[in-house]
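Just so we're on the same page, the numbering used here is the position in the sequence shown counted from 1, plus 360. By construction, the Cβ of each residue, glycine as well, lies at the ideal position given by its N, Cα and C atoms. First the structure, in the form of structure tokens, and then the observations on it.
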Amino acid sequence: MKLIYKTIGELAYDLFSQDKTMTIYELEEYLKQAGLFHEVDLELSESIGLAYEAFVEVSDQAIANSIANSFTID
Numbered sequence: 361m362k363l364i365y366k367t368i369g370e371l372a373y374d375l376f377s378q379d380k381t382m383t384i385y386e387l388e389e390y391l392k393q394a395g396l397f398h399e400v401d402l403e404l405s406e407s408i409g410l411a412y413e414a415f416v417e418v419s420d421q422a423i424a425n426s427i428a429n430s431f432t433i434d
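Structure below.
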């Protein structure tokens with residue numbers, strides 16, 4: 361499970377970096393198609409939302425990267 365959260369976090373960060381107009385729903389759909397997101401997990405969705413807000417609204421890459429890295433669960 362740790363690896364999947366890290367993978368999703370890194371993928372979310374990369375996708376938001378490339379497409380600043382992407383919505384959370386578009387990201388979830390992409391993850392479902394990639395086989396990484398089978399059920400809507402509210403905690404995961406909320407974390408992705410925080411990464412999105414940090415990158416797009418605050419425009420702070422360091423914050424977005426930190427949030428994306430938080431997907432790694434120890």
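Contact between residue 422 and residue 376 is ruled out by a C-beta separation of about 14 angstroms, above the 8 angstroms threshold. Residue 425 and residue 413 have their alpha carbons spaced roughly 12 angstroms apart. Residue 387 and residue 407 have their C-alpha atoms spaced approximately 12 angstroms apart.
Residue 392: member of the alpha helix (DSSP H) spanning 384-393, first to last residue. Counting other Cβ atoms within 10 Å of its Cβ, residue 369 reaches 16 or more and is therefore classed as buried.
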